[in-house]
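The opening residue of the sequence shown carries number 388 in this note's numbering; numbering runs sequentially from there. Backbone N, C-alpha and C fix where the C-beta goes; we use that ideal spot for every residue, glycine too.
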Amino acid sequence: MVTPEGRWPLPGQAIDPYGVLVAEVMLQQTQLQVVLPYWRRWMAAFPSLEALAAAEEQAVLLQWQGLGYYSRGRRLLAAARSIREQWRCGADRSCEAWPRELELWLALPGVGRSTAGGILSSAFNSALPILDGNVRRVLARLQAHPRPPMRQQALFWQWSEALVAAAPGRGRDCNQALMDLGATLCTPRQPSCGVCPWRASCAAYAAGTPDHYPVKDAPRSVPFQVIGVGVVLNAAGEVLIDQRLNEGLLGGLWEFPGGKQEPGEAIAHTIQRELQEELAIEAEVGDELIRLEHAYSHKKLRFVVHLCRWRSGEPQPLASQQVRWVRPHDLDAYPFPAANARIIAALRQHLGIAAGDLPQAG
388 MVTPEGRWPL
398 PGQAIDPYGV
408 LVAEVMLQQT
418 QLQVVLPYWR
428 RWMAAFPSLE
438 ALAAAEEQAV
448 LLQWQGLGYY
458 SRGRRLLAAA
468 RSIREQWRCG
478 ADRSCEAWPR
488 ELELWLALPG
498 VGRSTAGGIL
508 SSAFNSALPI
518 LDGNVRRVLA
528 RLQAHPRPPM
538 RQQALFWQWS
548 EALVAAAPGR
558 GRDCNQALMD
568 LGATLCTPRQ
578 PSCGVCPWRA
588 SCAAYAAGTP
598 DHYPVKDAPR
608 SVPFQVIGVG
618 VVLNAAGEVL
628 IDQRLNEGLL
638 GGLWEFPGGK
648 QEPGEAIAHT
658 IQRELQEELA
668 IEAEVGDELI
678 RLEHAYSHKK
688 LRFVVHLCRW
698 RSGEPQPLAS
708 QQVRWVRPHD
718 LDAYPFPAAN
728 ARIIAALRQH
738 LGIAAGDLPQ
748 AG
C-alpha cells in the first residue's frame, strides 16, 4: 500500500495494479501526505476494479470529496469502466491479467505519460520513465537547470529516460528511488542535502543554491471574486441544492445556489438575482449565515452566505443538472466542494442540529 516514505511497492507485498492506478491518479497535482487517507478510504469503498466500475458517479464523487480536481475522480471511474469492457481483466487482480503496453494505458481517460509510466513500472517493473513533481525537482537540482521544468518537458523526459536505462531490469526500483528521494530528502523547502546520496553529483548543491531550484515562472496575479450564496429553506425546513454541470473544476458536485457579485451590487441583490436567473424562484434574503474565503489555483473567492426563505416558483435547473430539496440532516449524502463543508456546519449549528442527530454512515 501507499506509505509516507514512498509509493509502490512495499518489500514482499503483492502488487495490485488497480490500487496502483488509483494511487497514481490521486497523486496527480496532490501531495502524498494529503492522498494517503483518501486512498485508504477509497480502497475500502471500492476494493476492486469491478467495484469501482459498477459504482454510481455520485458515490465516486462523494469518496473524492475534499481531494480537489474532481474531474480526476470522474475520469478514474471512466477508466475503470473502459478497462472492464475492453481488457476484461477487472475480476482478476493478478498482474498477469493486465496489459503491459504503454499505448493501451495512454488511451484510458485521465492517464498521461507519467501516470502510465508509474503504473507500469510499479506493477510490472517496466523500464518506463516518470516525471512527477518530485522527479522534476530532483532533476532540476541535479542539473541546476536555469529554466522552469514545465517549459522544457522534453529535456526532463530525456533525463528521466536515461536514469531508467542506466538500471536495466530495475525500472520499478529506479522510479521508486527517484520518488523517495524527492519525498524525503530533496524536498521543496530545506532539502537534506548533507545526507543525500547524490550530493557529490548535484550541481545545485555544489553551487550552494539548492533552494533556487526548480526555477519558477514569475507568479501571476490571481483574480479575486465575491460570491453571494443563498441557503434557501422552505416551510418544511428543507434546503435547496443544485448539481453543477459535468464540466470545469467542480463539475458534477452539489452546491448551494449563488453567483458572482457585480460591481456596485448589494450582496442581497446578488443572491436574489442568481436565484431568479439560475433557479427561477423568488426568495427573501435574510441574515448572513457565514462568510469565508477559499483559494483555488486560478482564483480566490469570498463566499458571503445568507439564509433565505423560499417564497414562490418551482425550482428549475436552468444552469445546472438538477435541483433538489434536502433535509439538512441528509446533506452528507451529497458530494460538495470543500468550501461548502463550513457552510453546512454553520447551517446545522444555526438550526441546532448536533452531530448525534445525523444519520450514521454504513
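C-alpha gap between residue i and residue j, whole angstroms
| i | j | result |
| --- | --- | --- |
| CYS482 | VAL407 | Note that CYS482 has pLDDT 43, beneath the 50 cutoff, so the model's placement of it is unreliable and the number below is only indicative. When rounded, the distance between both Cα atoms is 11 Å. |
| GLY639 | LEU632 | 6 Å |
| ALA670 | LYS686 | 29 Å |
| GLN736 | PHE723 | 18 Å |
| GLY460 | ALA594 | 42 Å |
| CYS695 | ALA655 | 10 Å |
| VAL522 | ASP629 | 40 Å |
| ALA440 | ALA720 | 20 Å |
| GLY739 | LEU526 | 54 Å |
| LEU463 | GLU680 | 29 Å |
| VAL609 | SER513 | 41 Å |
| GLY596 | GLN540 | A small correction: the amino acid at residue 596 is Thr; Gly does not occupy that position in the sequence shown. About 22 Å. |
| ARG487 | VAL422 | 26 Å |
| LEU572 | ALA587 | 15 Å |
| PRO496 | ALA653 | 43 Å |
| ALA623 | ALA741 | 19 Å |
| ARG471 | ALA465 | 10 Å |
| ARG428 | GLY651 | 45 Å |
| PRO391 | HIS716 | Confidence in PRO391 is poor, its pLDDT being 41 and thus under 50, which makes the residue's placement unreliable; the coordinate value appears in the next sentence. The straight-line gap from Cα to Cα measures roughly 35 Å. |
| ARG557 | ALA494 | 25 Å |
| ARG564 | TYR456 | The sequence given here places Ala at residue 564; Arg does not occur at that position. Approximately 27 Å between the Cα atoms of the pair. |
| GLN445 | SER579 | 43 Å |
| GLU642 | SER699 | 20 Å |
| VAL616 | GLN416 | 28 Å |
| CYS589 | ALA410 | 30 Å |
| SER469 | TRP712 | 34 Å |
| MET430 | VAL498 | 19 Å |
| SER707 | ASP403 | 38 Å |
| PRO340 | PRO702 | Because the chain here runs from 388 to 749, residue 340 falls outside it and cannot be looked at. |
The alpha helix (DSSP H) enclosing residue i, as first and last residue numbers
| i | result |
| --- | --- |
| HIS656 | 654 to 666 |
| SER707 | SER707 -> no alpha helix (DSSP H), and no H or E assigned at all. |
| GLY646 | No alpha helix (DSSP H) holds GLY646; the beta strand (DSSP E) holding it covers 645 to 647. |
| GLU490 | 489 to 493 |
| ALA466 | 458 to 469 |
| VAL525 | 520 to 530 |
| SER501 | 500 to 511 |
| ARG729 | 727 to 738 |
| PRO404 | 404 to 413 |
| GLU444 | 444 to 451 |
C-beta atoms of residue i and residue j nearer than 9 Å
| i | j | result |
| --- | --- | --- |
| GLN663 | VAL672 | no |
| ARG534 | PRO575 | no |
| LEU568 | TRP585 | yes |
| GLU625 | PRO644 | no |
| ARG500 | LEU518 | yes |
| TRP544 | ALA510 | no |
| ALA726 | LEU666 | no |
| LEU705 | SER458 | no |
| GLY505 | LEU414 | yes |
| ASP598 | ARG538 | no |
| ALA531 | ALA442 | no |
| PHE433 | VAL447 | yes |
| GLN577 | GLN612 | no |
| ALA728 | GLY453 | yes |
| GLY646 | ILE614 | yes |
| ALA570 | CYS561 | no |
Closest by C-alpha distance to residue i, when choosing among the options
| i | options | result |
| --- | --- | --- |
| LEU507 | LEU491, PRO496, GLY520 | LEU491 |
| ALA503 | ARG428, ARG528, GLN577, ARG559 | ARG559 |
| TRP474 | LEU436, GLY497, PHE511, ALA570 | LEU436 |
| LEU676 | LEU637, PRO601, VAL692 | VAL692 |
| THR425 | GLU680, PRO610, LEU449 | Checking the displayed sequence, the identity of residue 425 turns out to be Tyr instead of Thr. Nearest of GLU680, PRO610, LEU449 to TYR425, Cα basis: LEU449. |
| LEU761 | ALA549, ILE731, ARG678, MET413 | Absent from the model: residue 761. The displayed extent of the chain is 388 to 749, so no value can be given. |
| PRO606 | SER707, GLN452, ALA432, SER684 | SER684 |
| ILE668 | THR571, ASP604, LEU620 | LEU620 |
| VAL602 | TRP429, GLY520, ALA431 | GLY520 |
| LEU734 | ARG698, GLN708, GLN709, ARG678 | ARG678 |
| VAL710 | CYS580, MET430, LEU627 | LEU627 |
| MET566 | LEU550, ALA728, GLY646 | LEU550 |
| ALA552 | PRO516, SER579, ALA570 | PRO516 |
| VAL618 | PRO536, TRP451, TRP697, PRO404 | TRP697 |
Terminal residues of the beta strand (DSSP E) in which residue i lies
| i | result |
| --- | --- |
| PHE365 | No answer is possible for residue 365: the residues shown for the chain start at 388 and end at 749. |
| GLU680 | 669 to 682 |
| LEU694 | 687 to 699 |
At what residue ranges does the region 573 to 642 contain a whole run of the alpha helix (DSSP H), taking only runs of 4 or more?
590 to 594
What runs of the alpha helix (DSSP H), each 4 residues or longer, lie entirely inside the region 531 to 568?
540 to 552
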